[in-house]
Amino acid sequence: MRDDTGTDDARVRVRPNPRGSRPRTKHRPEHADAVRAMVLGVDRGRYHLITDDGTPVVAIKARELGGGERGAVVVGDRVGVVGDVSGQEDTMARIVKVAARTSVLRRSSEDSDAAGTEKVIVANADQLLIVTSVADPEPRPRMVDRCLVAAYDAGMEPVLCLTKADLDDPGPFLERYAALEVPAVVTSVVDGRVQGLDAVRDRLTGRTSVLVGHSGVGKSTLVNALVPDAGRATGEVNAVTGRGRHTSSSAVALALPDGGWAIDTPGVRSFGLQHVGVADLLAAFDDLAAVAEECPRGCTHTEDAPDCALDEWVTAGGAGAAGEARLASFRRLLASRSTEPS
Ligand SMILES: Nc1nc2c(ncn2[C@@H]2O[C@H](COP(=O)(O)OP(=O)(O)OP(=O)(O)O)[C@@H](O)[C@H]2O)c(=O)[nH]1
Ligand SMILES: [Zn+2]
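Under our numbering, the sequence shown has 225 at position 222, and the numbering climbs by one with no breaks.
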């Protein structure tokens with residue numbers, strides 16, 4: 004169609020439309036027909052989804068979503084897909100929308116990536132299950148502290164899962180987290196069967212939980228006990244990726260039998276915490292945050308911070324008998340942001 008110049012005079016010329024002056028929506032489908040789905044796994048540009056009616060679909064990301072971290076679509080994301088959403092073999096749908104996230108779990112980049120960059124690994128999870136063995140390998144308190152900070156920063160509730168309680172008493176390690184009131188579940192393996200599973204299931208059912216843990220702590224054992232066909236589910240992703248499960252660092256969401264999701268994170272060894280500010284962590288502790296309003300401007304709330312209101316509050320007994328331990332634990336978490344993960 005020719006542009007209407009409003010005149011028949013052939014000498015009047017229409018200048019080309021300057022770039023971007025057109026209303027883009029006019030030329031872009033509204034995607035009102037997009038099907039809602041959740042991202043279960045991501046592998047080399049292929050997104051493994053499950054639609055709200057339960058159909059597994061493979062999709063690519065529409066270019067309009069943009070690239071880089073800003074346009075990233077991650078496990079747990081709620082998305083809108085168009086195109087072939089039949090789920091048939093060799094079909095490919097297209098992700099055109101990503102819903103606002105309720106939580107964002109980040110980690111430090113891999114060694115091969117640019118140092119210091121943060122990546123979102125999981126969206127919309129509400130719980131972080133920090134799996135640690137009581138022994139073999141020994142628990143790593145600093146790593147656990149860093150996981151706690153990552154959870155609080157992400158807006159997720161942390162839960163400690165102490166495995167291998169058949170090897171040693173989990174009590175002393177759990178004592179370290181008592182003042183923070185971190186919920187804990189304890190498991191063991193006796194005669195080849197995982198004990199303590201019911202408490203873990205109670206914690207996870209109906210929620211979306213990310214499981215993190217160092218190699219050898221028994222995370223796979225736990226996942227396999229919780230999700231009987233987990234091996235098959237992760238195997239399917241493997242069949243697509245051709246990569247071994249243990250060398251892959253991508254997260255995979257597994258449906259729990261009684262509802263909810265367990266998101267396994269093979270290869271996630273550390274969380275980058277450089278982006279976590281004092282206020283971010285403080286926000287997770289209502290009582291401390293309220294008291295800290297009285298702190299001098301710019302207070303770091305560390306032990307050596309002059310006139311930190313948190314000290315006064317504890318000394319005055321405002322936090323009760325456990326107040327001192329709670330403040331000390333909070334400060335330990337604050338400090339863990341800047342120590343090397345180990
Ligand atoms: N004694 C004891 N051994 C356990 C328990 N849970 C797991 N194990 C053993 O610990 C070893 C490591 O378990 P995995 O489940 O493979 O550990 P993982 O955390 O998945 O480690 P990677 O597979 O390396 O990521 C295996 O030999 C398990 O049989 C437990 O509760 N008690
Ligand atoms: Zn302070």
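Just so you know, even glycine gets a beta-carbon here, dropped at the ideal spot from N, CA and C.
Enclosing beta strand (DSSP E) for E315 [first to last residue]: Unbroken run through E315 is the alpha helix (DSSP H), 312-318; no beta strand (DSSP E).
Bridge partners - S191, DSSP secondary structure assignment: Q198
Where S339 falls, given that 16 or more other Cβ within 10 Å makes a residue buried: buried
Own chain partners of P142 with C-beta closer than 6 angstroms, once the 5 adjacent residues on each side are dropped: T135, F176
Alpha-carbon to alpha-carbon, V147 and L259: 25 angstroms
Buried/exposed call for D267, threshold 16 Cβ in 10 Å: buried
Where E327 falls: helix, strand or coil (DSSP): helix
Best match in Q277, A254, F333 for proximity to D290 [C-alpha to C-alpha]: F333
Closer than 8 angstroms: L229 CB and nearest ligand 1 heavy atom: no
Closest by C-alpha distance to P59, when choosing among A256, D129, A35: A256
Straight-line gap, A187 to P161 (C-alpha atoms, nearest Å): 9 angstroms
Residue burial classification, V99 (beta-carbon count within 10 angstroms, cutoff 16): buried
Inter-residue Cα distance where the pair is K351 and D314: Residue 351 cannot be examined here, being either before or after the span of the chain that is shown, 4 to 345.
Limits of the unbroken alpha helix (DSSP H) element including R300: Unbroken run through R300: none, as it is neither H nor E.
C-alpha gap between V294 and E306, whole angstroms: 15 angstroms
Nearest-angstrom Cβ-Cβ length linking P144 and G219, presumed shorter than 8 angstroms: That pair is no contact at about 17 angstroms.
Identity of the residues DSSP links to A62 by a beta bridge: Y50, A96
Cβ distance (whole Å) where V197 is taken to contact L170 below 8 angstroms: Not confirmed; about 14 angstroms, so no contact.
A75 versus C298, T318, D87, Y50, residue with shortest Cα-Cα distance: Y50
Whole-number beta carbon distance between E92 and G275, since they are thought to touch under 8 angstroms: The pair is not a contact, with the Cβ atoms about 38 angstroms apart (cut-off 8 angstroms).
CA nearest to the CA of D87, picked from A228, G158, D129, T54: T54
Residue(s) in a DSSP beta bridge with D80: Answer is none; D80 lacks a bridge partner.
Residues near E297 by beta carbon distance below 7 angstroms, same chain, minus five either side: A312
Close-in-space but distant-in-sequence residues of the same chain around D261 (CB under 8 angstroms, 5 per side omitted): R204, T208, G209
Neighbourhood of D36 by C-beta distance below 7 angstroms, restricted to the same chain and skipping five residues each side: V85
Neighbouring residues (CB closer than 6 angstroms to any heavy atom of ligand 2): A295, C298, C302, H304, A308, C311, A312, L313
A168 Cβ short of 8 angstroms to ligand 1 heavy atom set: yes
Boundaries (first-last residue) of the beta strand (DSSP E) holding K122: 121-126
F288 to R300 span [Cα, whole Å]: 19 angstroms
Whole-angstrom distance between P173 and V317, CA atom to CA atom: 29 angstroms
Buried/exposed call for G44, threshold 16 Cβ in 10 Å: buried
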